[in-house]
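Chains as they are written, first to last, in this note's numbering: chain X, 2 to 406; chain U, 362 to 699. We treat Cβ as the ideally placed atom computed from N, Cα and C, and that holds for glycine. Working notes, structure below.
This is the structure in structure tokens:
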């Protein structure tokens with residue numbers, strides 16, 4: 002150790018691991034890593050021994066067994082004879098449904114509220130402030146429970162619709178029934194030839210897109226602005242309606258009807274879904290509103306003034322100049338709001354909405370007693386879901402962010 | 362991120378797996394109180410009274426065990442559990458004894474690794490509906506909306522019953538009895554189904570109890586009883602024989618009124634063995650001689666506990682029925698103290 006080398010460097014000794022800045026960071030990282038692995042090992046061993054002491058094994062075989070319980074909201078075929086795995090899928094789809102609907106509505110609410118909060122109209126701006134602060138500062142669970150309670154207590158029972166002089170009436174020409182068990186709306190029925198109507202409708206969607214691009218090109222070339230909105234609206238409705246009537250109205254409506262204890266027929270949107278959807282959207286919308294406001298405020302006032310100087314009206318200034326630039330600031334925090342909404346949907350059990358947490362993490366877990374397996378599986382599913390959402394949003398983000406050339 | 366999630370899961374699992382080793386008796390005695398899992402509130406079975414003191418049929422079992430083990434029927438820490446959390450709480454060691462009208466089933470006993478120490482109430486699943494619905498039988502419930510407590514055997518029985526009768530229904534899953542009551546009263550469901558005793562207890566708390574009726578069908582067997590973890594036979598024995606002591610006391614006529622007198626010694630050897638004046642049954646359990654006497658002293662014998670909490674003198678008004686002593690034509694039967 003004490004061999005003297007030439008003057009290029011001091012001999013290595015152990016204290017240099019702590020005092021020499023060249024080695025210190027490596028030392029610290031090594032120790033941190035060892036500590037981390039030790040904690041990990043302890044956790045794994047602890048779990049292993051405790052499971053052994055309880056006489057429990059670790060396997061996912063229970064997923065193949067018969068579930069035995071019923072689920073009210075099913076997007077795919079499911080009976081109580083199906084497996085726990087199938088029940089998990091039903092739950093996952095319900096989670097996806099409410100997350101999807103929630104993200105859309107939250108975005109709409111958030112953008113509108115965020116823009117209006119900057120309004121010059123004092124009343125509108127203050128109302129939006131009240132909305133944002135009210136929803137941001139009360140726990141989500143309370144909003145879910147409160148909205149559900151309003152639906153349950155304030156809406157009429159299905160039997161209130163019964164009789165010659167009922168206490169409650171269906172809306173919109175006897176087609177929509179709002180009850181304390183959910184809202185029933187007419188469901189489409191697909192007759193012969195309905196396929197053509199759908200195809201024509203999809204084609205007209207493509208037509209709208211093509212027309213939009215053509216109109217934009219024309220505007221770039223000639224400077225003339227076409228009334229695109231009305232033309233697009235026409236393309237949206239007319240061809241499909243034309244085919245619909247030519248083919249003799251193949252798509253009908255199945256109206257809800259009071260039969261026995263409940264309404265039957267139509268689409269039943271349960272109050273658990275509606276309450277969860279509304280609460281998640283309003284709550285997350287409040288956060289998105291703040292993101293939108295922040296994004297707009299981040300755009301220099303000079304941009305607005307320049308747009309005004311060019312003669313753009315305030316609506317067009319917002320949609321053509323401010324928002325496209327603001328999106329660069331808005332999108333990244335928006336991603337985490339979408340993730341929050343998706344994860345928060347696991348509060349569904351509070352209103353008995355049968356999401357992933359209620360099927361796999363609730364009834365399945367309870368009936369099979371596989372806490373560890375069910376919890377781990379649920380975590381993995383939420384993890385994958387969140388990664389997929391943030392992956393998709395990141396792709397969108399890179400399409401709107403500032404292109405540096 | 363993936364790693365941190367995994368660690369979180371393992372932590373949860375590690376904590377949940379807890380201390381499953383033997384020696385619950387020592388743990389309870391060292392802690393000086395018994396951690397007993399009960400419902401979140403079902404009047405008559407387990408609910409806090411106006412002063413916040415827990416009382417009820419299941420609570421009495423907790424108190425009797427605490428008295429036998431610790432000498433003090435109030436040395437109980439009550440842990441309210443839902444249908445979903447109860448088994449995890451017991452398996453993890455968060456509670457030492459679960460007395461929460463829990464049905465004794467094969468899979469819970471064998472697969473979930475619990476030991477049911479006996480049956481303190483023979484029950485069955487029933488249905489409650491509003492009288493003005495005009496329903497007189499469960500077979501008329503096709504298409505009804507049914508409130509069920511999730512994570513219970515009733516959920517599975519319900520599915521089986523409607524299936525075997527070719528009927529459809531809309532389940533409304535609910536976490537606790539209180540929520541179910543609120544949903545049912547608001548008319549969000551037509552029917553509330555759970556154990557018939559639970560329905561009677563719930564109905565008793567309604568302002569207009571007479572406007573609701575229990576349908577005659579009982580669609581399942583629900584033997585309810587206290588349970589402990591697998592793996593600690595001594596603790597299971599203590600819980601089992603405390604329950605048996607309460608039952609035997611009723612059978613041989615030991616009541617809270619004559620307990621002191623009987624404990625001085627009688628000419629009935631079984632009473633003497635039970636109350637510790639003869640033999641050493643308590644020592645065999647790892648307790649002292651007067652364990653059973655203390656257990657009985659808390660709330661009286663099985664019959665007295667029944668009468669005070671859910672019997673016909675109470676608003677719940679459950680007749681003894683299957684829960685009468687075997688000598689009275691019921692199923693309540695304790696192995697001999699010998």
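*Using DSSP with H/G/I as helix, E/B as strand and the rest coil, what is residue 362 of chain X?*
helix
*Since residue 686 of chain U contacts residue 611 of chain U with CB under 8 Å, what's their CB separation in whole angstroms?*
The C-beta distance from residue 686 of chain U to residue 611 of chain U rounds to 6 Å, short enough to fall under 8 Å.
*Under three-state DSSP, which class holds residue 489 of chain U?*
strand
_By the 8 Å beta-carbon criterion, what residues does the segment 252-263 of chain X contribute toward chain U?_
260, 261, 262, 263
_Coarse secondary structure for residue 575 of chain U, derived from DSSP in three states_ = Correct three-state label for residue 575 of chain U: strand.
*If we ignore side chains and look at the alpha-carbon of each, how far apart do residue 382 of chain U and residue 280 of chain X end up?*
Interpretation of residue 382 of chain U is limited by its pLDDT of 49, a score under 50 that renders its predicted location unreliable; no figure is taken from the coordinates.
*Which whole-angstrom value is the C-beta distance of residue 256 of chain X and residue 356 of chain X, which I expect to be below 8 Å?*
Between residue 356 of chain X and residue 256 of chain X the Cβ distance is about 29 Å, and since that is not below 8 Å, they are no contact.
*Could you tell me whether any Cβ in chain U is nearer than 8 Å to the Cβ of residue 359 of chain X?*
Taking a beta-carbon distance threshold of 8 Å, residue 359 of chain X counts as an interface residue toward chain U.
*I think residue 607 of chain U touches residue 425 of chain U, with their Cβ atoms under 8 Å apart; what is that distance to the nearest whole Å?*
6 Å
*Taking the continuous alpha helix (DSSP H) assigned at residue 660 of chain U, which residues delimit it?*
652-660
*Quick one: is residue 16 of chain X buried, meaning 16 or more other Cβ sit within 10 Å of its Cβ, or exposed?*
exposed
*asked:* Strictly by DSSP, which residues pair up with residue 506 of chain U?
replied: U:531
*For chain X, is any of its Cβ atoms less than 8 Å away from the one on residue 535 of chain U?*
yes
_Residues of the segment 508-537 of chain U whose Cβ lies closer than 7 Å to any Cβ of chain X, in chain order_ = 511, 512, 516, 517, 520, 524, 531, 532, 533, 534, 535, 536
*Which residues, in order along the segment 430-451 of chain U, keep a beta-carbon less than 8 Å from a beta-carbon of chain X?*
444, 445, 448, 449
*Name the residues in the segment 586-603 of chain U whose C-beta lies less than 9 Å from a C-beta of chain X; which are they?*
590, 591, 592
*May I ask which residues mark the beginning and end of the alpha helix (DSSP H) holding residue 599 of chain U?*
594-612
*Determine the contact status of residue 437 of chain U and residue 488 of chain U, defining contact as a CB-CB distance below 8 Å.*
In this structure, residue 488 of chain U does not lie closer than 8 Å to residue 437 of chain U by Cβ.
*Mind checking whether residue 287 of chain X and residue 136 of chain X have CB atoms under 8 Å apart?*
yes
*Is there a Cβ from chain U that is less than 8 Å from the Cβ of residue 300 of chain X?*
no
_Same chain, Cβ closer than 7 Å to residue 71 of chain X, neighbours up to 5 away in sequence not counted_ = 81
*When we look at the beta-carbon of residue 585 of chain U and count the other beta-carbons within 10 Å, is it buried (16 or more) or exposed?*
buried
*Grab the span of the beta strand (DSSP E) containing residue 555 of chain U for me, first residue to last.*
552-556
_Within chain X, partners of residue 544 of chain U - CB distance below 9 Å_ = 153, 353
*Going by beta carbon distance, what residues of the same chain come within less than 6 Å of residue 308 of chain X, once the five residues before and after it are set aside?*
318, 322
*Could you name the residues of chain X that residue 503 of chain U contacts, counting a contact when the two beta carbons are closer than 9 Å?*
Residues of chain X whose Cβ lies closer than 9 Å to the Cβ of residue 503 of chain U are, in chain order, 261, 262.
*Would a check of beta-carbon distances place residue 385 of chain U closer than 8 Å to chain X?*
No, no contact with chain X.
*Take every Cβ of the segment 291-303 of chain X, pair it with every Cβ of the segment 194-203 of chain X, and state whether three or more of those distances are shorter than 8 Å.*
no
*For the segment 468-484 of chain U, enumerate the residues whose C-beta is nearer than 7 Å to any C-beta of chain X, in chain order.*
Answer in chain order: 472, 473, 474.
*Would you identify the three-state DSSP class for residue 16 of chain X, choosing helix, strand or coil?*
coil
_Taking only three categories from DSSP, how would you classify residue 330 of chain X?_
helix
*So which residues on chain X does residue 547 of chain U lean against when the C-beta distance must stay under 9 Å?*
150, 153, 154, 158, 181
*asked:* Against chain U, does residue 364 of chain X count as a neighbour if the rule is that its beta carbon must be under 8 Å from one of theirs?
replied: yes
*Could you give the DSSP three-state label for residue 617 of chain U: helix, strand or coil?*
coil
*Could you tell me how far apart the beta carbons of residue 671 of chain U and residue 353 of chain X are, in whole angstroms, since I believe they sit closer than 8 Å?*
The pair is not a contact, with the Cβ atoms about 28 Å apart (cut-off 8 Å).
*With a Cβ-Cβ cutoff of 8 Å, do residue 511 of chain U and residue 364 of chain X count as a contact?*
yes
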